[in-house]
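Okay, so here's the structure we're looking at.
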Amino acid sequence: MIHYKAILKMMGGLMMLLGLLMAPSIAFSYYYGSGDQFTLITSAFICISNGAILFFSFGSQDQNIRKREGYMIVALSWLVMAIFGMMPYLLSGSISYLPDAIFETVSGFTTTGATILNDIEVLPAGILLWRSMTQWIGGLGIIVLTVAIFPLLGIGGIELFVAESPGPTSDKLHPRIRETAKRLWFVYVGLTILAMLMYYLGGMTFFDAVNHGLTTMATGGFSTKNESMAYFTNPWIHYTAIVFMFLAGTNFTLLYFGFKGRFKRVWASDEFRAYSITVVIISGIIFGAIYFLKEGPIEKAFREGLFQVISLITTTGYVTADYTAYSNGLTLIFFMFLFFGASAGSTSGGIKFIRHLTFVKNSTLEFKRIVHPRAVVPLKINGERVTGKIITHIMNFLLIYLMIFVLGSIVMSVAGYDMITSFGAVATSLGNVGPAIGHVGPMDNFAFFSPFGKLFLSFLMLLGRLELFTILVLFSPYFWRTN
8 MIHYKAILKM
18 MGGLMMLLGL
28 LMAPSIAFSY
38 YYGSGDQFTL
48 ITSAFICISN
58 GAILFFSFGS
68 QDQNIRKREG
78 YMIVALSWLV
88 MAIFGMMPYL
98 LSGSISYLPD
108 AIFETVSGFT
118 TTGATILNDI
128 EVLPAGILLW
138 RSMTQWIGGL
148 GIIVLTVAIF
158 PLLGIGGIEL
168 FVAESPGPTS
178 DKLHPRIRET
188 AKRLWFVYVG
198 LTILAMLMYY
208 LGGMTFFDAV
218 NHGLTTMATG
228 GFSTKNESMA
238 YFTNPWIHYT
248 AIVFMFLAGT
258 NFTLLYFGFK
268 GRFKRVWASD
278 EFRAYSITVV
288 IISGIIFGAI
298 YFLKEGPIEK
308 AFREGLFQVI
318 SLITTTGYVT
328 ADYTAYSNGL
338 TLIFFMFLFF
348 GASAGSTSGG
358 IKFIRHLTFV
368 KNSTLEFKRI
378 VHPRAVVPLK
388 INGERVTGKI
398 ITHIMNFLLI
408 YLMIFVLGSI
418 VMSVAGYDMI
428 TSFGAVATSL
438 GNVGPAIGHV
448 GPMDNFAFFS
458 PFGKLFLSFL
468 MLLGRLELFT
478 ILVLFSPYFW
488 RTN
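Here my numbering is used: the first residue of the sequence shown is 8, the next is one more, and so on.
Laid out in structure tokens, this is it:
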């Protein structure tokens, strides 16, 4: 039996939290005199009042949350966040068309970074900050945040954490899930503030530094400028983005251990080593290709190559150049990056390195098993044996991910878009990246899609952000059986 009242109570808490998180946008609107403060106040009031009604109406109900309730809360809360999160856009008139508002809001909360806005710089300060806040909120997961700061809910948070955690595993820093969430958010907030400071020291205005600090650590990629990071020419800013994008793509558990000085444990992670080595090798290759294809200083070619590689692999989506203009071969390589994703337990989207690593290791060991059929050849990650159940889960994930990409591309092609654009739009939406190839390249946006196209891509963003199964399991008849 599903405890719907406990789910509604939790949803009420999330809505109140969402309203409270609009406060920084209201403050910035007042400070800069952008004239959108009343719109934001109204939106916050609607969120808090409706959330309070749900939260306090079911205060005395049984609040034991099991796996099914956890998945329902996570899936439904993102739908609620999209509905209430787009109110500032609609009420202010910044985005007046409903499918556009849904797309921009979902793109924000899923940290995809795709946009339908043709002129970002005309938006008022409060709306711009809220746009960045949607990515920051979605970065590590609003469910984890809620479990950390709403102990008064009295709800066991482990099921929510498992359903929301952006990866196939959820390493714990502390036996109690609420303490784990607090530590993760301490790292998240601390790095966000540090990124803001570094951007400011690099020459960004205070407003730009705050916005880009929020979206960098969220690996979201929303910018306050139409040209994204290409607007800023100071190498300090680009290298700051490179460093913090890489950190944001690292498992936050490892970051916590790193800050505690336990560096051996960080480097002992097979996934972190694979992530780091891959970034170094591919960046070197791209740097060499750019240097020989374009005329210019060697440092600029190095920075440009490194920036594009880390931005796409971590699914941040910032751009400093049009990578589709280099050559067809490099365009294909950059397209492949849309299927990488960084580390599990990070704020990045995509497939994640741990799944790629498991797949590659298992495939390599399969040759040994063929030659020695009687031998027991276990697959190990971080020195520990990976069970057959986990391998099967990862293989199923990869297969379903590929199937959704193929079917999604067919749907977009049937809807009237060319094959390259369809491939790019589906891959970047499912991987929560932002820019892609075709007519959704780094210098383009998603404004030209039909209402159906925008809503379909929004659905793919949610699928990718919630690791496929969290959404797809709701469509399974097994989920709804009472026994």
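Just so you know, even glycine gets a beta-carbon here, dropped at the ideal spot from N, CA and C.
Asked	Found
Between residue 140 and residue 374, what straight-line distance do the alpha-carbon atoms span, to the nearest angstrom?	48 angstroms
Short of 6 angstroms in beta carbon distance, which residues of its chain neighbour residue 110, apart from the five on each side in sequence? Order them along the chain.	123, 461 and 465
Comparing alpha-carbon positions, which option in 451, 467 and 340 lies nearest residue 117?	467
List the DSSP bridge partners of residue 392.	387
Tell me which residues share the same chain as residue 230 and place their Cβ nearer than 8 angstroms to its Cβ, disregarding the 5 neighbours each side in the sequence.	127, 218, 219, 222, 236, 238 and 325
List the endpoints of the continuous alpha helix (DSSP H) containing residue 99.	94-99
Given a threshold of 16 other Cβ atoms within 10 Å of its Cβ, counted over all protein chains shown, does residue 487 qualify as buried or as exposed?	exposed
Which stretch, first to last residue, makes up the alpha helix (DSSP H) that contains residue 124?	Unbroken run through residue 124: none, as it is neither H nor E.
Does the segment 412-428 touch the segment 391-404, meaning 3 or more C-beta pairs lie closer than 8 angstroms?	no
Tell me the start and end of each unbroken alpha helix (DSSP H) in the segment 333-407 that is at least 4 residues and wholly inside, in chain order.	335-344 and 360-378
In whole angstroms, give me the CA-to-CA distance for residue 410 and residue 433.	12 angstroms
Please identify the residue among 292, 77, 385 and 32 whose C-alpha is closest to the C-alpha of residue 13.	77
Might you give, ordered along the chain, the residues of its own chain that have their beta carbon closer than 7 angstroms to the beta carbon of residue 459, omitting 5 neighbours on each side?	422
For residue 7, which residues of its own chain have a beta-carbon under 7 angstroms away from its beta-carbon, when the five flanking residues on both sides are left out?	Only positions 8 to 490 of the chain appear in the structure, and residue 7 is not among them; the question remains open.
Would a C-beta distance cut-off of 8 angstroms place residue 282 and residue 225 closer than the cut-off?	no
Assign residue 446 to one of three DSSP states: helix, strand, or coil.	helix
Tell me whether residue 274 is buried or exposed, calling it buried when 16 or more other Cβ atoms sit within 10 Å of its Cβ.	exposed
Which residue spans inside the segment 233-272 form an unbroken beta strand (DSSP E) run of at least 3?	none
Using 10 angstroms around the beta-carbon of residue 492, count the other beta-carbons present and answer buried if the total reaches 16, otherwise exposed.	The chain is shown from 8 up to 490; residue 492 falls before or after that span and cannot be answered.
Determine the extent of the alpha helix (DSSP H) in which residue 307 is found, giving its start and end residues.	305-320
Nearest to residue 417 by alpha carbon, out of 430, 209 and 408?	430
Does any C-beta atom of chain C lie closer than 8 angstroms to the C-beta of residue 255?	The structure shown contains no chain C, having only a single protein chain.
Which residues bound the alpha helix (DSSP H) around residue 275?	Note, residue 275: premise wrong, no alpha helix (DSSP H); not H, not E.
Where does residue 30 land, buried or exposed, given buried means 16+ other C-beta within 10 angstroms?	exposed
By DSSP, does residue 479 sit in helix, in strand, or in coil?	helix
Would you mind reading off the limits of the alpha helix (DSSP H) that contains residue 425?	That residue, residue 425, is in no alpha helix (DSSP H); it is neither H nor E in DSSP.
Using alpha carbons as the reference points, say which of 261, 335 and 402 lies closest to residue 277.	261
According to DSSP, is residue 165 helix, strand or coil?	Here the model assigns residue 165 a pLDDT of 46, short of 50, so the residue's position is not dependable, and the following value carries that caveat. Helix at residue 165.
Could you check what DSSP says for residue 106 in three-state terms: helix, strand or coil?	helix
If you reduce the DSSP assignment to three classes, tell me which class residue 301 lands in.	coil
Residues in the same chain with beta-carbon distance under 6 angstroms from residue 19, minus the five sequence neighbours each way, listed in chain order, please.	58, 61 and 62
With H, G and I counted as helix, E and B as strand and the rest as coil, what does DSSP make of residue 458?	helix
Would you please state the rounded distance, in angstroms, between the beta carbons of residue 321 and residue 216? I believe it to be under 8 angstroms.	The Cβ separation is near 20 angstroms, so there is no contact.
Starting from residue 138 and walking both ways along the alpha helix (DSSP H), at which residues does that stretch end?	132-147
Going by beta carbon distance, what residues of the same chain come within less than 6 angstroms of residue 491, once the five residues before and after it are set aside?	An answer regarding residue 491 cannot be provided, because it is not within the stretch 8 to 490 covered by the chain.
Go through its chain and collect everything with a Cβ distance to residue 241's Cβ below 6 angstroms, but skip five positions before and after it.	209 and 210
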